[in-house]
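If you're matching positions, the sequence shown starts at 315 in the working numbering and goes up one per residue. C-beta: ideal position from N, C-alpha, C; glycine also.
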Amino acid sequence: TKLDKSCHFDRRAELTGFSQAQAESFIHKYMDDSGMADKLLEQLGESEWCQSLITAPYYCCLICDHFEQHQALPQRRTELYHRLVLRGVQRMAEARDLTDVFSDIKDAPDQVKTPFTNLLELAWTTLQKKQLYLQKADLAAA
315 TKLDKSCHFD RRAELTGFSQ AQAESFIHKY MDDSGMADKL LEQLGESEWC QSLITAPYYC
375 CLICDHFEQH QALPQRRTEL YHRLVLRGVQ RMAEARDLTD VFSDIKDAPD QVKTPFTNLL
435 ELAWTTLQKK QLYLQKADLA AA
């Protein structure tokens, strides 16, 4: 390919998600309480779309984090996505030592809200164009 001719790589790696067994193992290791892990796995088993989310390690971590706080998963997919995105943004704020507590993206500190809002607008714009990927130039323009 064109990339192979212009770049030299000594190693190649393929990033794959968790298998179902690996996701279950992760959940049990993440949760201090095995009963809570079993309860989460039971709730996840009730929804095929939830099952597919836990194969992505980051989502699996956020789902565990959410479940520890709320002991339940939302019934609607959009509500779960909203909560996972919010929790991801909250974790980003915590990692940057931003101590403002917020329960909605619109209440987040500007250092968090601005880049997040830009990324959402970029994702929406590319989706409207039926472009399901982002290019480097798209990111630079945001």
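Are three or more beta carbon pairs between the region 347–354 and the region 388–397 nearer than 8 Å?
-> Flag = no, the region 347–354 and the region 388–397 do not touch.
Around the Cβ of residue 442, are there at least 16 other Cβ atoms within 10 angstroms (buried) or fewer (exposed)?
-> Here residue 442 is taken as the residue at index 128 of the sequence shown, counted from 1. Its Cβ having fewer than 16 others within 10 Å, residue 442 is exposed.
Continuous alpha helix (DSSP H) assignments of at least 4 residues falling wholly in the region 378–413 | 391–409
Which whole-angstrom value is the C-beta distance of residue 345 and residue 378, which I expect to be below 8 Å?
-> Position 31 of the sequence shown holds residue 345. Position 64 of the sequence shown holds residue 378. At roughly 6 Å, the Cβ-Cβ gap stays under 8 Å, so residue 345 and residue 378 are in contact.
When you compare each of 338, 409, 423 to residue 368 by their alpha carbons, which one comes out closest?
-> Stepping through the sequence shown from its first residue, residue 368 is reached at position 54. Checking every option, the nearest Cα to that of residue 368 belongs to 338.
Specify the secondary structure class of residue 376 as computed by DSSP and reduced to three states.
-> Reading the sequence shown from its first residue, position 62 is the one you call residue 376. Note: residue 376 maps to helix in three-state DSSP.
Contacting residues, own chain, Cβ-Cβ under 8 Å from residue 373 (five flanking each side not counted) = In the sequence shown, residue 373 corresponds to position 59, counting from 1. Result list for residue 373: 367, 398, in chain order.
Do residue 370 and residue 331 have their C-beta atoms within less than 8 Å of each other?
-> By 1-based counting over the sequence shown, the position of residue 370 is 56. By 1-based counting over the sequence shown, the position of residue 331 is 17. Contact: yes.
CB-CB under 7 Å to residue 358, same chain, minus the five flanking residues each way: which ones, in chain order?
-> Indexing the sequence shown from 1 puts residue 358 at position 44. The answer, listed in chain order, is 364, 365, 368.
State the Cα-Cα distance for the pair residue 354 and residue 427, rounded to the nearest angstrom.
-> As a first step, residue 354 must be located in the sequence shown, where it is residue number 40. As a first step, residue 427 must be located in the sequence shown, where it is residue number 113. Distance between the alpha carbons of residue 354 and residue 427: 30 Å.
Identity of the residue in 394, 451, 381, 411 nearest residue 342 by Cα | Counted from its first residue, the sequence shown places residue 342 at position 28. Of 394, 451, 381, 411, the residue nearest in Cα terms is 381.
Taking all protein chains shown into account, do 16 or more other C-beta atoms lie within 10 angstroms of the C-beta of residue 422, making it buried, or fewer, making it exposed?
-> Reading the sequence shown from its first residue, position 108 is the one you call residue 422. Buried, by the Cβ-count rule.
How is residue 353 classed by DSSP in three states: helix, strand or coil?
-> Counting from one through the sequence shown, the residue named residue 353 turns up at place 39. In this structure, residue 353 counts as helix in the three-state DSSP scheme.
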